[in-house]
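Read the structure below first, then the notes.
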Amino acid sequence: MTAFSFSVTHADGRARRGRMTTAHGDVETPAFMPVGTQGAVKGLTHRDLESIGAAILLSNTYHLYLRPGADLIARRGGLHAFIGWQKPILTDSGGYQVFSMAARRKVDEEGAHFRSHLDGSAHLLTPESAADIQAQLGSDVAMVLDECLAHPAEEAAARQSMARTLRWACRGRDRFLALRDGLVPGVRVTNPGQAQFGIVQGSVFPHLREESARETVAIGFEAYAIGGLSVGEPSEVMYDMVDRTTVCLPEDRPRYLMGAGTPEDLVEAVARGVDLFDCVLPTRNARNGQLFTSQGRLNIKNARYAEDDRPPDPACGCYTCRTASRAYLRHLYMAGEINSSTLNTLHNLHFYLDTLGRIRDAIVFGRFESFRREFQQSLSRQLHDQ
Ligand SMILES: [Zn+2]
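In the working numbering, each residue's number is its place in the sequence shown (first place is 1) plus 4.
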């Protein structure tokens with residue numbers, strides 16, 4: 005038995021307001037998952053994350069497997085105990101990072117052979133080992149290993165890759181169920197309530213997306229993710245693929261759009277029935293001095309902010325906007341202060357989480373469409389640079 009469940013509490017058009025229950029508590033959806041690659045969100049403490057209302061964290065299996073190692077984390081009692089975060093955690097399969105380093109990996113039917121970016125050592129990631137490692141980490145949601153195809157891809161290559169992803173999904177699911185039943189000796193399962201999500205692939209070809217969705221659902225996972233998007237295709241293409249995929253997924257399971265995206269992407273994907281998101285954009289851009297605001301994007305390094313006493317976003321209630329001026333944030337950035345990353349990240353994540361909170365409220369009150377329209381209008385006015 006899994007501790008995992010999901011229920012849609014309100015619907016407004018195709019947008020859904022729901023609650024996902026995991027072994028470490030509930031997540032109100034639609035939800036955004038901050039990315040804590042190495043078991044930490046760069047620049048923030050867990051206390052900061054809690055202060056801005058983060059309900060679930062994403063962590064990267066590839067990085068934790070290589071360092072400090074899944075065995076070591078399992079001996080600490082799993083990832084929650086090791087990093088001191090008692091709320092839900094989702095881990096990716098490790099596949100995305102392995103597939104990103106084209107020169108250091110080789111893929112065959114067995115899995116992905118790769119060399120560590122840390123010490124060059126040889127490793128093999130298979131659907132089975134991806135499930136084993138995540139069982140040791142004890143995340144609340146584990147992702148099945150899929151093949152991540154580069155964009156753009158020819159249709160024949162996309163079809164082959166989608167078919168392999170399905171074969172891997174069967175292997176990954178079998179292994180997950182064996183782990184759950186205690187049938188894999190030598191692997192310490194640190195969270196018996198773990199759930200596993202399947203992943204729909206198919207590049208930008210609607211019929212491949214539909215076939216992938218149908219076949220992945222037939223294997224049977226706790227929920228379903230949409231992978232292989234937000235990889236360089238135009239936004240309209242991504243929205244269209246999301247549109248055509250969500251209609252093929254069960255109404256009573258959460259839908260997770262992997263790796264997306266901009267604030268506009270989140271709103272547009274919610275409008276098409278997506279419930280979960282993760283993206284490095286708010287955290288990575290914060291470290292590069294780019295702030296997401298209710299009026300568009302603001303590059304704090306710009307000289308025009310040198311003596312600007314206003315907060316980054318006058319409409320934002322985060323700690324950064326309550327205490328720091330643009331002039332101060334620009335100074336911290338130019339001086340290379342650690343606090344620059346911390347304050348910028350705090351604001352950007354607050355903006356994302358607050359946007360999702362406003363989306364959830366709008367759905368409950370049946371005014372998601374007007375929220376969507378106002379959101380687009382305020383971003384298109386763009387008072388700041390970019
Ligand atoms: Zn703020």
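For each residue, glycine too, the CB sits at the ideal point set by N, CA and C.
Asked: What residue ranges within the segment 221–246 form continuous beta strand (DSSP E) runs of no fewer than 3 residues, ordered along the chain?; Found: 227–230
Asked: So which residues touch the region around ligand 1, with touch meaning a C-beta under 6 Å from any heavy atom?; Found: Pro316, Asp317, Cys320, Cys322, Thr324, Cys325, His351, His354
Asked: Measuring CB atoms only, is the segment 128–139 touching the segment 177–194, in the sense that at least three cross pairs come out at less than 8 Å?; Found: yes
Asked: Take Tyr356 and list the residues in its own chain whose beta-carbon comes closer than 6 Å to its own, dropping the five residues that flank it on each side.; Found: Phe36, Pro286
Asked: On the three-state DSSP scale, how would you describe Leu181?; Found: helix
Asked: Would Asp75 pass as a contact of Arg184 if the rule is Cβ separation under 9 Å?; Found: no
Asked: Judging by CA-CA distance, which residue of Thr194, Tyr260, Ser239 is the nearest neighbour of Gln205?; Found: Tyr260
Asked: Work out the CA separation of Arg257 and Ala85 for me, nearest whole Å.; Found: 28 Å
Asked: Go ahead and label Leu187 buried or exposed: buried means 16 or more other beta carbons lie within 10 angstroms of its beta carbon, across all protein chains shown.; Found: exposed
Asked: Give me whichever residues DSSP pairs with Phe10 in a beta bridge.; Found: Met24
Asked: Buried or exposed: Arg376, going by 16 or more other Cβ atoms within 10 Å of its Cβ?; Found: buried
Asked: Going by alpha carbons, who is nearest to Glu113 out of Leu170, Arg79, Gln101, Arg23?; Found: Leu170
Asked: With burial defined as no fewer than 16 other Cβ atoms inside 10 Å of the residue's Cβ, what is the status of Asp313: buried or exposed?; Found: exposed
Asked: Starting from the N-terminal side, write out each stretch of the beta strand (DSSP E) that is 3 residues or longer and does not extend beyond the segment 280–333.; Found: 280–282, 294–297, 300–303
Asked: For the beta strand (DSSP E) containing Arg119, name the first residue and the last one.; Found: 116–119
Asked: At what residues does the alpha helix (DSSP H) containing Ala339 begin and finish?; Found: Note, Ala339: premise wrong, no alpha helix (DSSP H); not H, not E.
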